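Numbering (this note's numbering), first residue to last: 418 to 853.
Working notes for the structure below.
This is the structure in structure tokens:
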């Protein structure tokens, strides 16, 4: 199979390495041709801690996806997360000459390019520079300045940085697996492409991606990314709490969480008991579902409080008409959306990557667990900022700015000149007739 129209996403997560091969169908939907996954033993909270184990897991996932899709995988789009991710708002400006010319796409790109060279803390690298609102000659609130007139172009940028060492380790793993990283994308931005609608991004929405090692946050308003954050708590910390609270094995704790776990204690039947095998030559252990729920709720409340604090710090709490969208493996806990609604006061739903998916033999890929993986593939077909996609179309059509209209005074002058000449001809004819 030819792979010139294929995009491959590589999600290096704390619990799993996932590779998805996809292409767009005739309706613009994503068709998943292959998927591979492997247990991620060399990653902790989104950060690579063991190169060899991570490379082995990547190779295993790539081989599985490659065989299923019947393609050779070389180029991949890689996701990055981890508590080392930081974001801030930075303002920038450029002066233009002459001031009466229209602002072009080149001007916008030049401003963004200068922001990519700003100073960041030692040991960090900029991975995303995303413009928010533009200002032209001190007139603010402009989303797209191309075509406007002005001498001074300013903008607020959402700058996302990552630890240079973490980036280098990811790239090293990708190279050792005989792959080429085409693009490095922050995972919550990728997830937003697969589970959020344009209407939600316009109205204001907070995406909460609950993974194994981290909980990622991305806030959108007026279709523009406004705030991102990574919380170093996820589903694995809940499993650890269950392991210690119920005194069971790690794999037993994970099964208890996924099969019987509830995020609200009151929703658990106090008389329901589950029996799990004991250690060698020991009796089975009985676990109360109510006690299990209380352990889960305590940790989930801590995570929700941190999410709530991030939303309040962003200044967009009262602007989130779209509420909260939960995704990731941790979003599959029973009653988790109700707990979010109760604690935050915002409407909450579970985000599934179904809207952008076409027909696929892999029903498993429609789970929130694979929202980031699907989003990475979508990122290969779509820009994170819709304005970039619009600019690319204009450049492809040989148009760097909207067509300029002729000055009104020249147009007016031409009309009066034409009328004057016609009147002059009529008067001359009348005079000539009288003389005759």
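Beta carbons are placed, not taken as given, at the ideal position from N, Cα and C, and that holds for glycine.
These figures come from a predicted structure and were not determined experimentally.
Item	Value
Tell me whether the region 575-594 and the region 462-475 touch, counting them as touching only if at least three CB pairs, one residue from each stretch, are closer than 8 Å.	yes
Determine the direct distance from the alpha carbon of residue 705 to that of residue 683, and round the result to whole angstroms.	13 Å
Helix or strand or just coil, what does DSSP make of residue 519?	strand
Considering just the uninterrupted stretch of the beta strand (DSSP E) at residue 703, what are its terminal residues?	702-705
Out of 649, 754, 751 and 592, which one is the CA nearest neighbour of residue 492?	592
Give me the Cα-Cα distance between residue 689 and residue 707, rounded to the nearest whole angstrom.	7 Å
Quick check on residue 856: buried or exposed, where buried means 16 or more other Cβ atoms within 10 Å of its Cβ?	Absent from the model: residue 856. The displayed extent of the chain is 418 to 853, so no value can be given.
With distance defined between alpha-carbon atoms, name the residue in 559, 813 and 652 nearest to residue 433.	652
Please work out which residues of its chain come closer than 8 Å, Cβ to Cβ, to residue 506, disregarding the five sequence neighbours upstream and downstream, and give them in chain order.	549, 573, 574, 575 and 576
Excluding the 5 residues flanking residue 422 on each side, which residues of the same chain have their C-beta closer than 7 Å to its C-beta?	440
Check whether the Cβ atoms of residue 792 and residue 635 lie closer than 8 Å to each other.	no
Which residues in the same chain have their Cβ closer than 8 Å to the Cβ of residue 719, if we skip the five residues on either side of it in sequence?	650
Which parts of the region 606-675 are runs of the alpha helix (DSSP H), unbroken and 4 residues or longer, counting only runs that do not cross its ends?	615-620 and 652-663
For residue 757 and residue 568, I'd like the C-alpha separation in whole angstroms.	47 Å
Measure the C-alpha to C-alpha separation of residue 671 and residue 656 and round it to an integer number of angstroms.	6 Å
In chain order, what residues of the same chain have a beta carbon less than 7 Å from the beta carbon of residue 530, not counting five sequence neighbours either side?	none
Does DSSP put residue 723 in a helix, a strand or coil?	helix
Among 703, 696, 494 and 643, which has the Cα closest to the Cα of residue 732?	643
Across the region 467-482 and the region 800-819, are there enough close Cβ pairs to call them in contact, namely three or more that are closer than 8 Å?	no
Report the option in 781, 637, 691 and 696 whose CA atom is closest to the CA atom of residue 666.	696
Assuming contact is defined by CB atoms lying nearer than 8 Å, are residue 621 and residue 738 in contact in what I supplied?	yes
Rounded to a whole number of angstroms, what is the C-alpha to C-alpha distance between residue 501 and residue 580?	6 Å
Could you spell out the range, first to last residue, of the alpha helix (DSSP H) harbouring residue 804?	803-813
Would you call the CB atoms of residue 562 and residue 537 closer than 8 Å?	no
Can you tell me which of the three DSSP states residue 785 falls into?	helix
Work out the CA separation of residue 794 and residue 821 for me, nearest whole Å.	Summary for residue 821: the model assigns pLDDT 46, below 50, so the residue's position carries little reliability; its value from the coordinates is reported in the next sentence. Going from the Cα of residue 821 to the Cα of residue 794 covers about 38 Å.
Could you check the C-alpha separation between residue 825 and residue 564 for me, to the nearest Å?	Because residue 825 sits at a pLDDT of 43, beneath the cut-off of 50, its placement in the model cannot be relied upon, and the following sentence gives the value as read from the coordinates. Looking at the two C-alpha atoms, the distance is approximately 17 Å.
Using only CA atoms, which one of 668, 566 and 547 lies nearest to residue 554?	566
What did DSSP end up calling residue 710 once you bin it into helix, strand or coil?	helix
How long is the line joining the alpha carbons of residue 641 and residue 519, rounded to whole angstroms?	24 Å
Quick one: is residue 785 buried, meaning 16 or more other Cβ sit within 10 Å of its Cβ, or exposed?	buried
How would you write the range of the alpha helix (DSSP H) that residue 468 sits in, first residue to last?	468-486
Three or more beta-carbon pairs under 8 Å between the region 759-771 and the region 799-806, yes or no?	no
Start and end of the alpha helix (DSSP H) containing residue 569?	That residue, residue 569, is in no alpha helix (DSSP H); its beta strand (DSSP E) goes 569-580.
On the DSSP bridge list, what partners appear for residue 464?	461
May I ask you to verify whether the region 446-460 touches the region 482-491, counting CB pairs closer than 8 Å and requiring at least 3?	yes
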